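Written out below as structure tokens is the structure these notes cover.
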Amino acid sequence: MNAKQPSSFNAKRSKLKRREYGWGYAMVFPLLFGMSALFIWPVLRTIYLSFTEWSDFGNYHWTGLSNYIRLIRDMAVYHSLLHTLQYVIIYVPAIVILSTLAGVLLSSKVRGISVYRTIFFLPSVLMPAAIAMSWKWILNGDYGLLNAGLKLLSIHGVSWLTDSRTVLVAVVGVAVWGAVGLQAVIIISGIKGISPMLYEAASIEGAGRVSQFFRITLPLITPTLFFVSVTSLIGAMQVFDLIYMMVGTVAIDHVNTVVYLFYQQAFIKNDKGYASSIAVLLFIIILIVTALQFKLQKKWVHYD
23 MNAKQPSSFN
33 AKRSKLKRRE
43 YGWGYAMVFP
53 LLFGMSALFI
63 WPVLRTIYLS
73 FTEWSDFGNY
83 HWTGLSNYIR
93 LIRDMAVYHS
103 LLHTLQYVII
113 YVPAIVILST
123 LAGVLLSSKV
133 RGISVYRTIF
143 FLPSVLMPAA
153 IAMSWKWILN
163 GDYGLLNAGL
173 KLLSIHGVSW
183 LTDSRTVLVA
193 VVGVAVWGAV
203 GLQAVIIISG
213 IKGISPMLYE
223 AASIEGAGRV
233 SQFFRITLPL
243 ITPTLFFVSV
253 TSLIGAMQVF
263 DLIYMMVGTV
273 AIDHVNTVVY
283 LFYQQAFIKN
293 DKGYASSIAV
303 LLFIIILIVT
313 ALQFKLQKKW
323 VHYD
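The numbering used here numbers the first residue of the sequence shown as 23 and each following residue consecutively.
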């Protein structure tokens, strides 16, 4: 009788575990199905279409590696990669540095700080189209608000969105303005996770605010900074909306990024097979760069 009790208990325990696992699988299945439908299937479909050629009537046929051979020979691809790289080099450091500074300032205990946080975060909740149209008017070379202000200071105005020397900086500036608020909120959440006792101990030892920032705040928010840098880099490599809505045909060749090149091939020239190969190229680049970021983060990110 006693010998059967452990086996009976184990059987019930095993049955209970199976039931728990069953509920777990049931809860995870919708997420997996959604990921498959919204991410995995489109990626696989795009890869397949990159080996095909589309006709004007929506039919396509297998062409093998011809799209990728064309990709290697197409100078427009290299120009778009260069413009994307230039955008990333300016955007990512700017968003990380400015959001960190804003996060530190907005996490301080000052009267009315919640109002300042709301004002700073406000651009992040605006639609990209609204941001683009507003700044397109502000940066207009003929009647823009910015040039009007420069004229009052006796400074000659600039054709911000048509001059090849300023168009990229102008677009990056608008992108940073629209995104820095959200990233600052993320930085603030990381700062709030730091124990106040560390700052109290540092103050007792005579450390000033600058010393506390570099010795306490900055090292302890490196995981948050890593998240901001990764997401900002991925977003910067896929920039399209601001360029599409702000830059005209005059200067588009100076900010023609990879995603904009994909748009041109897919929806203007209706060459969806070649456009799919461009999308696959960008997908591979993002995977490689993200993997490198995760590899290098071990040298500067502190999780302790």
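Ideal Cβ placement from N, Cα and C applies to all residues, glycine included.
Treat the numbers as computed from the prediction; the structure is a model and nothing was measured.
Practice item. In the DSSP assignment, find the unbroken alpha helix (DSSP H) run with E222 in it and report its ends. Key: Translated into the one-based positions of the sequence shown, residue 222 becomes position 200. Note, E222: alpha helix (DSSP H), P218 to I226.
**Study point:** For N169 and H178, the rounded distance between their alpha carbons
**Key:** Numbered from 1 along the sequence shown, position 156 holds the residue referred to as residue 178. Numbered from 1 along the sequence shown, position 147 holds the residue referred to as residue 169. Going by the C-alpha atoms only, they are around 8 Å apart.
Check your understanding: Could you check where the alpha helix (DSSP H) with H105 kicks off and where it finishes?
Key -> What you label residue 105 is simply residue 83 of the sequence shown in a count that begins at 1. That run of the alpha helix (DSSP H) goes M97 to L128.
Review point. Roughly how many whole angstroms lie between the Cα atoms of G295 and W63?
Key: Along the sequence shown, read from residue 1 onward, the residue named residue 295 stands at position 273. Along the sequence shown, read from residue 1 onward, the residue named residue 63 stands at position 41. Between G295 and W63, the C-alpha separation is close to 17 Å.
Check your understanding: Looking only at its own chain, which residues have a Cβ that is under 8 Å from the Cβ of V9, when we skip the five neighbours before and after it?
Key -> This structure cannot speak to residue 9, because the chain is shown only from 23 to 326.
Check your understanding: Taking only runs of the beta strand (DSSP E) that begin and end inside the region 54–92, which ones reach a length of at least 3 residues, in chain order?
Key -> 74–76 and 82–84
Exercise for review: For H105, count neighbouring Cβ atoms within 10 angstroms of its own Cβ and tell me buried if that reaches 16, exposed if not.
Suggested key: Looking up residue 105 in the sequence shown gives position 83. By the neighbour-count rule (16 or more Cβ atoms within 10 Å), H105 is buried.
**Study point:** Q286: CB within 7 Å of a non-hydrogen atom of the ligand COA
**Key:** The ligand COA is not among the ligands present in this structure, which contains no ligands whatsoever.
Practice item. Tell me, to the nearest whole angstrom, how far the beta carbon of S254 is from that of V118; I am working on the premise that it is less than 8 Å. Key: Start at 1 with the first residue of the sequence shown, and residue 254 comes out as number 232. Start at 1 with the first residue of the sequence shown, and residue 118 comes out as number 96. So it is a contact: roughly 7 Å between Cβ atoms.
Practice item. Please list, in chain order, all residues of the same chain as Y90 whose beta carbon is under 6 Å from its beta carbon, the five residues on each side excluded. Key: As a working mapping, residue 90 is identified with position 68 in the sequence shown. Excluding positions up to five away in sequence, the list reads S299.
Check your understanding: According to DSSP, is G183 helix, strand or coil?
Key -> As a working mapping, residue 183 is identified with position 161 in the sequence shown. The amino acid occupying residue 183 in the given sequence is Leu; Gly does not appear at that position. L183: coil per DSSP, three-state reduction.
Practice item. Determine, using beta-carbon pairs with one atom in the region 195–213 and one in the region 237–254, whether at least three such pairs fall under 8 Å. Key: By the Cβ criterion, the region 195–213 is in contact with the region 237–254, since at least three pairs of Cβ atoms, one from each stretch, lie closer than 8 Å.
Practice item. Tell me, please, whether the region 65–77 touches the region 271–281 by the rule of three or more beta-carbon pairs shorter than 8 Å. Key: The answer is no - the region 271–281 does not touch the region 65–77, with fewer than three Cβ pairs under 8 Å.
Exercise for review: Note down the Cα distance separating P150 from I226, rounded to an integer number of angstroms.
Suggested key: If you number the sequence shown from 1, residue 150 lands on position 128. If you number the sequence shown from 1, residue 226 lands on position 204. Rounded to whole angstroms, the gap between the alpha carbons of P150 and I226 is 47 Å.
**Study point:** W322 (DSSP reduced to helix, strand or coil)
**Key:** Within the sequence shown, residue 322 is the residue found at index 300, counting from 1. The three-state reading of DSSP puts W322 in coil, since its state is none of H, G, I, E or B.
Review point. Can the beta-carbon of V269 be found less than 8 Å from the beta-carbon of L183?
Key: Along the sequence shown, one-based indexing puts residue 269 at 247. Along the sequence shown, one-based indexing puts residue 183 at 161. In this structure, L183 lies closer than 8 Å to V269 by Cβ.
Review point. Considering only C-alpha positions, which residue in the set V196, I310, F248 and V280 is nearest to H324?
Key: Position 302 of the sequence shown, counting from 1, holds the residue named residue 324. Considering only alpha carbons, the answer is F248.
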